[in-house]
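Colleague: Here it is, the structure, as structure tokens.
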Amino acid sequence: MRVLKTTRRRLTGAGRGAVHDGPAAVPLVLAAPAAAALVLLALPVAALVLRAPWAGLASRLAEPALLRALWLSLVTSVAATLGCLVTGVPLGWMLARVDFRGRRAARALVRLTLLLPPVAGGVALLLALGRGGPAGAPGGPVASYAVAVMCAQAFVAMPFLVATVEGTLNRQDARVEEAAALLGASSWTVFRRVALPLLAPGAAVGALLCWARALGEFGATMVFAGGLAAAAPAAPPAVYLALRGDPQAAVALSLVLLAVPAAILACLRGRWAGPA
Numbered sequence: 004m005r006v007l008k009t010t011r012r013r014l015t016g017a018g019r020g021a022v023h024d025g026p027a028a029v030p031l032v033l034a035a036p037a038a039a040a041l042v043l044l045a046l047p048v049a050a051l052v053l054r055a056p057w058a059g060l061a062s063r064l065a066e067p068a069l070l071r072a073l074w075l076s077l078v079t080s081v082a083a084t085l086g087c088l089v090t091g092v093p094l095g096w097m098l099a100r101v102d103f104r105g106r107r108a109a110r111a112l113v114r115l116t117l118l119l120p121p122v123a124g125g126v127a128l129l130l131a132l133g134r135g136g137p138a139g140a141p142g143g144p145v146a147s148y149a150v151a152v153m154c155a156q157a158f159v160a161m162p163f164l165v166a167t168v169e170g171t172l173n174r175q176d177a178r179v180e181e182a183a184a185l186l187g188a189s190s191w192t193v194f195r196r197v198a199l200p201l202l203a204p205g206a207a208v209g210a211l212l213c214w215a216r217a218l219g220e221f222g223a224t225m226v227f228a229g230g231l232a233a234a235a236p237a238a239p240p241a242v243y244l245a246l247r248g249d250p251q252a253a254v255a256l257s258l259v260l261l262a263v264p265a266a267i268l269a270c271l272r273g274r275w276a277g278p279a
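The sequence shown lines up with residues 4 to 279 when you count with the working numbering.
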């Protein structure tokens, strides 16, 4: 402890070209662009918070149209997240534990959809599941707006869950599962009784990230489900539509959509990107 304090005292007056906070010096050539990046990220969020209609926010959010949009987004995002859990957790486990043919291609596909622009994803969904597509004949399962929204949300959000599950398993010792298999447990028993309990915290983190992404999905939803939109679209498209005639309503909805990921990141502090 004395050595650390002595090092800090020596570095404090070492020079004018560096910022000293601890035993290592941070040169201004790195601190300046880092500060610029923080400003770029913080300025829009600060503008949204500072210019929000706080006085009438409660009454604005109580308007029937905004409540319907928020409720629809909440229901569809939760349903999409549940569907992603049922399918994405097994996929993440297989990518991390099973050496099957096409494993690299499957992993690349997950990464591709993670990086795919949402608008392009909406076009792909429209071609595959829209009316006239291979799986979307007229009157088919993607004929309702809510189902189309859930499909778009699951498509863009599932990679977050799969990547989190795979990363969690890669950090764990696979020898525990191998020992259970050597003792005679079936592959299903190993997954259910050994892997799943160890995976639960990581899967919970992935599910929260998946839900936050699904709740805020806009691009794919507008392209894929826009033609089926009813009187009350989901919340992110409602923000875009409200900007034309009622900017205050758009700001109010944006605040709600900002509060949800902020609360999730507060809950996940130290569990996603490392300790703060």
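Positions of the beta carbon are idealized from the N, C-alpha and C atoms, including for glycine. Treat the numbers as computed from the prediction; the structure is a model and nothing was measured.
Residue range of the alpha helix (DSSP H) that Q156 falls in?
Modeller: Within the sequence shown, residue 156 is the residue found at index 153, counting from 1. Element bounds for Q156: Y148 to R174.
Colleague: Whose C-beta lies closer than 7 Å to the C-beta of Q251 among residues of the same chain, with five residues either side of it excluded?
Modeller: Translated into the one-based positions of the sequence shown, residue 251 becomes position 248. Within the same chain, Q251 has close Cβ partners P56 and R63.
Colleague: For a minimum of 3 consecutive residues, which ranges assigned as the beta strand (DSSP E) are wholly contained in the stretch 173-243?
Modeller: For the stretch 173-243, not a single whole beta strand (DSSP E) run of length 3 or above is found.
Colleague: Rounded to whole angstroms, what is the Cα-Cα separation between E169 and D249?
Modeller: One-based indexing of the sequence shown puts residue 169 at position 166. One-based indexing of the sequence shown puts residue 249 at position 246. Each residue's alpha carbon lies about 43 Å from the other.
Colleague: Tell me the DSSP secondary structure of P67 in three-state form.
Modeller: Translated into the one-based positions of the sequence shown, residue 67 becomes position 64. DSSP places P67 in helix when its eight states are reduced to three.
Colleague: Please state whether DSSP places P56 in a helix, a strand or coil.
Modeller: What you label residue 56 is simply residue 53 of the sequence shown in a count that begins at 1. For P56, the secondary structure class from DSSP, reduced to helix, strand or coil, is coil.
Colleague: Taking buried to mean at least 16 other C-beta atoms within 10 Å of its own C-beta, is V92 buried or exposed?
Modeller: Numbered from 1 along the sequence shown, position 89 holds the residue referred to as residue 92. Looking at its Cβ environment, which holds 16 or more other Cβ atoms inside 10 Å, V92 is buried.
Colleague: Under the three-state reduction of DSSP, which class applies to P93: helix, strand or coil?
Modeller: Reading the sequence shown from its first residue, position 90 is the one you call residue 93. P93 falls in the helix class under three-state DSSP.
Colleague: What residue from L132, A160, A149 and V152 has the CA that sits closest to T116's CA?
Modeller: Mapped onto the sequence shown, residue 116 falls at position 113. Selected option, being the one with the closest Cα: A160.
Colleague: Suppose the cutoff is 6 Å on Cβ atoms and the five residues either side in sequence are ignored; what does the same chain contact list for P264 look like?
Modeller: Along the sequence shown, read from residue 1 onward, the residue named residue 264 stands at position 261. Excluding residues within five positions, the ones whose Cβ falls inside 6 Å are A215.
Colleague: Name the residue from G59, C87, Q175 and V78 whose alpha carbon lies nearest to the alpha carbon of L213.
Modeller: Counting from one through the sequence shown, the residue named residue 213 turns up at place 210. Checking the sequence, you will find Cys at residue 213 rather than Leu. Ranking G59, C87, Q175 and V78 by Cα distance to C213 puts C87 first.
Colleague: Distance check for P240 and G124, CA to CA, integer angstroms please.
Modeller: As a first step, residue 124 is located in the sequence shown; it is residue number 121 there, counting from the start. As a first step, residue 240 is located in the sequence shown; it is residue number 237 there, counting from the start. When rounded, the distance between both Cα atoms is 16 Å.
Colleague: Please state the DSSP three-state secondary structure of P120.
Modeller: Start at 1 with the first residue of the sequence shown, and residue 120 comes out as number 117. Here P120 sits in coil by DSSP.
Colleague: Between A252 and the ligand PLP, is the CB less than 7 Å from at least one heavy atom?
Modeller: What this structure holds is no ligand at all, so the ligand PLP is not there to describe.
Colleague: Which residues in the same chain have their Cβ closer than 6 Å to the Cβ of E180, if we skip the five residues on either side of it in sequence?
Modeller: Numbered from its first residue, the sequence shown carries residue 180 at position 177. Same-chain partners within the cutoff: V193, V197 and A198.
Colleague: On the criterion of 16 or more Cβ atoms from any shown chain inside 10 Å, does E66 qualify as buried, or is it exposed?
Modeller: Position 63 of the sequence shown, counting from 1, holds the residue named residue 66. Burial check for E66: the Cβ neighbour count within 10 Å stays below 16, so the residue is exposed.
Colleague: Could you tell me how far apart the beta carbons of G209 and F158 are, in whole angstroms, since I believe they sit closer than 8 Å?
Modeller: Along the sequence shown, one-based indexing puts residue 209 at 206. Along the sequence shown, one-based indexing puts residue 158 at 155. Not quite, the Cβ-Cβ distance comes to about 16 Å (not below 8 Å), so this is no contact.
Colleague: Less than 8 Å between the beta carbons of A72 and L256, yes or no?
Modeller: The residue you call residue 72 lines up with position 69 of the sequence shown. The residue you call residue 256 lines up with position 253 of the sequence shown. Yes, the pair counts as a contact, with Cβ atoms nearer than the cut-off.
Colleague: Using the Cβ count rule (16 or more neighbours within 10 Å means buried), how would you classify P141?
Modeller: Counted from its first residue, the sequence shown places residue 141 at position 138. Note that P141 scores a pLDDT of 45, beneath 50, so its modelled location is shaky; the value from the coordinates is reported in the next line. Exposed, because fewer than 16 other Cβ atoms sit within 10 Å of the Cβ of P141.
Colleague: Which residue from A238, V126 and A38 puts its Cα closest to that of A217?
Modeller: As a first step, residue 217 is located in the sequence shown; it is residue number 214 there, counting from the start. Per the Cα distances, A238.
Colleague: Does C154 pass the burial test, meaning 16 or more other C-beta atoms within 10 Å, or should it be called exposed?
Modeller: Position 151 of the sequence shown, counted from the start, is the residue given in the question as residue 154. Buried.
Colleague: With a CB to CB cut of under 6 Å and the five nearest residues on each side skipped, what residues in its chain are close to G95?
Modeller: Against the sequence shown, residue 95 aligns to sequence position 92. Closer than 6 Å at Cβ, skipping near neighbours: V165, V168 and E169.
Colleague: Nearest by alpha-carbon distance to V150: which of A49, G59, A269 and T79 is it?
Modeller: Within the sequence shown, residue 150 is the residue found at index 147, counting from 1. Nearest C-alpha to V150: T79.
Colleague: Do L271 and L211 count as a contact pair if the criterion is CB distance below 8 Å?
Modeller: Mapped onto the sequence shown, residue 211 falls at position 208. Mapped onto the sequence shown, residue 271 falls at position 268. With respect to L271, L211 sits close: the two C-beta atoms are nearer than 8 Å.
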